[in-house]
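J.: First the structure, which I've put down as structure tokens, then a few questions once you've had a look.
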Amino acid sequence: MSTPPGVVATARMIAARDLRIEWRARVVMNQVIPFAAVTMVLFAFAVDDTGALGRLAPGLVWLTVMFSLLLCAQRAFAIESADGALEALRVAGVDPVGIFLGKAAALAVQLLALAVVMVLAALILYDLDPPAGGVVLLVTSAICATCALAATGTIYAGLAAGVSGRETLLPLLVVPVVSPVLIGATRAVEAALGTGGTAVADGWPWVGLLAVVAVASAVVGALTFGSAIRD
Amino acid sequence: MESIEFIIGSYLLTFGAIAVVAARMLRRARSLSHRVPDEEKYWL
Amino acid sequence: MTTPTTPRSTGTRATRVIGIAAIVMSAWLTLFGLVLSPADVAQGDAVRIMYVHVPSVWLAYLAFIVTAICSVWVLVARGRVPGVDRVAGASAEIGVVFMAVTLVSGMLWGRITWGVYWQWDARLTTTALLFITYIGYLAVRGLDGSPEQRARRSAVVGVVAVAEIPLVHWSVRLWRSLHQEATVLDTDLDVDIDGLMLFTLFVGVIAFTLWFVWFVLHRARVMALAALVEERSLDEALAERATEVPAGGQN
């Protein structure tokens, strides 16, 4: 028997496998994105004021992404526990740090795709007119925010995987912890889209916050994930 | 003293919470301790 | 033949001494806080709420730090330290109770001083989010699984939750710094305190620290009792089955 692969190789393998499963099943594309889109439409009913919708758009986008995170993170571990795949990896001596990074990376890619669709939806539905220089800020903040969300979601979804009552527990665990991400991402996107009356340059401190949260959650996750999933 | 009901209320709330939690905990301790022999209680 | 004694509960001489000291200090705190200490120049009598509010928030954060330290210990020991796990859980439970007390007494103080129950102040908001986080921690402790599994799972949450404190506080502060025009916030929780006020606060902190130690000792022992009772009832059930099976075989 050969030695188990290293952390990076494991992470790449797990991420590729998760994305391949998603590509075949298209759960995020056919179920989560439509759910998120209809949420954006419902926000318009709830707010019922085009001007206010424009100002609220960044917050609504990230709230929607956060709700979708709960669904995607749950799904990411449902595919594992269905056939005991996580169990098999663990028993085979695969490094849990690699599993964590791989699953978080796959989740981050899916969330980033979702965030892109949601921003486009907001631009169309809420009639926004973004300034030209905001694209770099928008992309950077979205990447940092989705990485932070994915890392946190992976820790808790892994922890709750295979436990009865996890469907209601996961939101309770994830939502308070991702509140810094929601604050940072909302303000950064607000600056990028020019909806809050702020200049694009005002958004960069928030990207710093998001980057720190992303790194912190990835480090904590990598350190604790092994303990969270062990039996 | 202005707003005395809020001030007294905060003291009552704080010490009331301590009393309620302590009473419930001690009652549970007593009921459980009947079912465990003394030599298994590590603190004795 | 020995006389049958009532079974000993979770109290020992140490907990009784600590408990009585906590009660005496609390009575002292009430006397100083409500009667002897002066009203504050800026806040008036509302400052009297601070004498229970500040010690309870101190206790809550102390409890969460103890939970975090025990959680790291549990993770390093891979969950095989049931005593440490019980202290982590006991401490978090007390922390949640006092965080709830802190939030309500803080809101009562805010109603007098700010005129509203709630302000999006960084400390207040962080405290509220932490309160929810530790409710989640307690929910994870209640999940099913082997004791070691439960210990490790809740330890992960304990570590993540404490890592969250500075991040949440920083982000909420940064967020609030955009809204400086809200002038109600000028009367902050910080006050210029004179000697007697400081002394009263000090009494409060001592009293609540004693309460914390008393609660954790008792609660950890109650948890140990509950674990022992569960173990015994499992043993009894197994023994019952063991006697049943041969009887069933003879029929």
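Residue numbers (the numbering used here), protein chains in the order written: chain E, 50 to 280; chain S, 2 to 45; chain P, 4 to 254.
Here a beta-carbon is modelled for each residue, glycine too, at the ideal position from N, C-alpha and C.
Note down, in chain order, each residue of its chain lying with its Cβ closer than 6 Å to the Cβ of aspartate 191 of chain P, except the 5 sequence neighbours on either side.
T.: To locate residue 191 of chain P, count along the third sequence from 1; it is residue 188. Legend: pLDDT at aspartate 191 of chain P = 49, less than 50; position of this residue unreliable, no value from coordinates given.
J.: When the distance is taken between beta carbons, is leucine 106 of chain P closer than 9 Å to threonine 130 of chain P?
T.: The count along the third sequence starts at 1 and reaches residue 130 of chain P at position 127. The count along the third sequence starts at 1 and reaches residue 106 of chain P at position 103. It is a contact, given that the beta carbons lie within the stated cut-off.
J.: Between valine 57 of chain P and the rest of its own chain, which residues show a CB-CB distance below 8 Å, the 5 nearest in sequence each way excluded?
T.: Indexing the third sequence from 1 puts residue 57 of chain P at position 54. Leu204, Gly207, Val208, listed in sequence order.
J.: Quick check: what's the CA-CA separation for arginine 236 of chain E versus serine 32 of chain S?
T.: In the first sequence, counting from the first residue as 1, residue 236 of chain E sits at position 187. In the second sequence, counting from the first residue as 1, residue 32 of chain S sits at position 31. The alpha-carbon atoms of arginine 236 of chain E and serine 32 of chain S are separated by roughly 54 Å.
J.: Consider the Cβ of isoleucine 115 of chain P: report whether some Cβ of chain S lies at a distance smaller than 9 Å.
T.: Position 112 of the third sequence holds residue 115 of chain P. Judged by the 9 Å Cβ criterion, isoleucine 115 of chain P is in contact with chain S.
J.: For proline 229 of chain E versus valine 165 of chain P, is the C-beta spacing smaller than 9 Å?
T.: On the first sequence, residue 229 of chain E is found 180 positions in, with the first residue counted as 1. On the third sequence, residue 165 of chain P is found 162 positions in, with the first residue counted as 1. No, they are not a contact pair.
J.: Quick one: which residues of the segment 224 to 246 of chain P get their C-beta closer than 9 Å to a C-beta of chain S? List them in chain order.
T.: So the close ones are Arg224, Val225, Ala227, Leu228, Ala229, Leu231, Val232, Arg235, Ser236.
J.: Would you mind working out which of P:Trp217, P:Phe134, P:Leu111 sits nearest isoleucine 9 of chain S, comparing C-alpha positions?
T.: As a position in the second sequence, residue 9 of chain S is number 8, starting the count at 1. Minimum Cα distance to isoleucine 9 of chain S is reached at P:Leu111.
J.: Mapping DSSP to helix, strand and coil, what is glycine 47 of chain P?
T.: The residue you call residue 47 of chain P lines up with position 44 of the third sequence. Strand, per DSSP.
J.: First and last residue of the alpha helix (DSSP H) that includes tryptophan 31 of chain P?
T.: As a working mapping, residue 31 of chain P is identified with position 28 in the third sequence. Segment 16 to 34, the alpha helix (DSSP H) holding tryptophan 31 of chain P.
J.: Mapping the DSSP letters down to three states, classify tryptophan 44 of chain S as helix, strand or coil.
T.: For this step, residue 44 of chain S is matched to residue 43 along the second sequence. In this structure, tryptophan 44 of chain S counts as coil in the three-state DSSP scheme.
J.: Can you find a CB in chain P that lies within less than 9 Å of the CB of threonine 189 of chain E?
T.: Mapped onto the first sequence, residue 189 of chain E falls at position 140. Threonine 189 of chain E does not count as touching chain P.
J.: Among P:Ala103, P:Trp76, P:Gln122, which residue has its Cα nearest to the Cα of leucine 133 of chain P?
T.: To locate residue 133 of chain P, count along the third sequence from 1; it is residue 130. Cα-wise, what sits closest to leucine 133 of chain P is P:Ala103.
J.: Roughly how many angstroms lie between the CA atoms of alanine 122 of chain E and tryptophan 44 of chain S, to the nearest whole one?
T.: By one-based count along the first sequence, residue 122 of chain E stands at place 73. By one-based count along the second sequence, residue 44 of chain S stands at place 43. Their backbone Cα atoms lie some 43 Å apart in a straight line.
J.: Under a CB-based cut-off of 9 Å, is glycine 36 of chain P close to chain S?
T.: As a position in the third sequence, residue 36 of chain P is number 33, starting the count at 1. Chain S, which has a Cβ nearer than 9 Å to the Cβ of glycine 36 of chain P, makes this yes.
J.: Suppose the cutoff is 6 Å on Cβ atoms and the five residues either side in sequence are ignored; what does the same chain contact list for valine 87 of chain P look like?
T.: Taking the first residue of the third sequence as position 1, residue 87 of chain P is located at position 84. These residues qualify, in order along the chain: Cys73, Trp76, Val77.
J.: Which residues mark the beginning and the end of the alpha helix (DSSP H) in which glutamine 80 of chain E is found?
T.: Against the first sequence, residue 80 of chain E aligns to sequence position 31. It is not in any alpha helix (DSSP H) - glutamine 80 of chain E carries neither H nor E in the DSSP assignment.
J.: Within the 9 Å Cβ cut-off, does threonine 136 of chain P reach chain S?
T.: Position 133 of the third sequence, counted from the start, is the residue given in the question as residue 136 of chain P. Taking Cβ atoms only, chain S never reaches closer than 9 Å to threonine 136 of chain P, which makes this a no.
J.: Which residue's Cα is closest to the Cα of valine 90 of chain P: P:Ala45, P:Leu65, P:Ala42?
T.: Here residue 90 of chain P corresponds to residue number 87 of the third sequence, with the count starting at 1. Closest by alpha carbon: P:Leu65.
J.: Can you tell me whether glutamate 247 of chain P is buried or exposed, with buried defined as 16 or more other CB within 10 angstroms of its CB?
T.: Position 244 of the third sequence, counting from 1, holds the residue named residue 247 of chain P. Counting Cβ neighbours within 10 Å, glutamate 247 of chain P comes out exposed, since fewer than 16 surround it.
J.: Closer than 9 Å by beta-carbon distance: list the chain P residues that pair up with valine 90 of chain E, in chain order.
T.: To locate residue 90 of chain E, count along the first sequence from 1; it is residue 41. Correct list: empty, because the minimum Cβ distance to chain P is about 27 Å.
J.: Does aspartate 238 of chain P come out as helix, strand or coil in the three-state DSSP assignment?
T.: Residue mapping note: residue 238 of chain P aligns to position 235 of the third sequence, counting from 1. Aspartate 238 of chain P: helix per DSSP, three-state reduction.
J.: When the Cα of glycine 148 of chain P is compared with those of E:Ala277, E:Cys196, E:Val226, E:Lys152, which residue comes out closest?
T.: Here residue 148 of chain P is taken as the residue at index 145 of the third sequence, counted from 1. Of the candidates E:Ala277, E:Cys196, E:Val226, E:Lys152, the one whose C-alpha sits nearest the C-alpha of glycine 148 of chain P is E:Ala277.
J.: Please check if any C-beta of chain P sits within less than 9 Å of the C-beta of alanine 23 of chain S.
T.: The sequence position of residue 23 of chain S within the second sequence is 22, counting from 1. Chain P, which has a Cβ nearer than 9 Å to the Cβ of alanine 23 of chain S, makes this yes.
J.: For a test of the three-state rule: what should DSSP assign to aspartate 39 of chain S, helix, strand or coil?
T.: Here the question's residue 39 of chain S lines up with position 38 in the second sequence. Note: aspartate 39 of chain S maps to helix in three-state DSSP.
J.: Alpha carbon to alpha carbon, how far is glycine 283 of chain E from phenylalanine 202 of chain P?
T.: Outside the modelled stretch of chain E, which goes from 50 to 280, sits residue 283 of chain E, for which no answer is possible.
J.: For the alpha helix (DSSP H) that glutamine 122 of chain P lies in, which residues bound it at each end?
T.: Start at 1 with the first residue of the third sequence, and residue 122 of chain P comes out as number 119. Per DSSP, glutamine 122 of chain P belongs to no alpha helix (DSSP H) and is neither H nor E.
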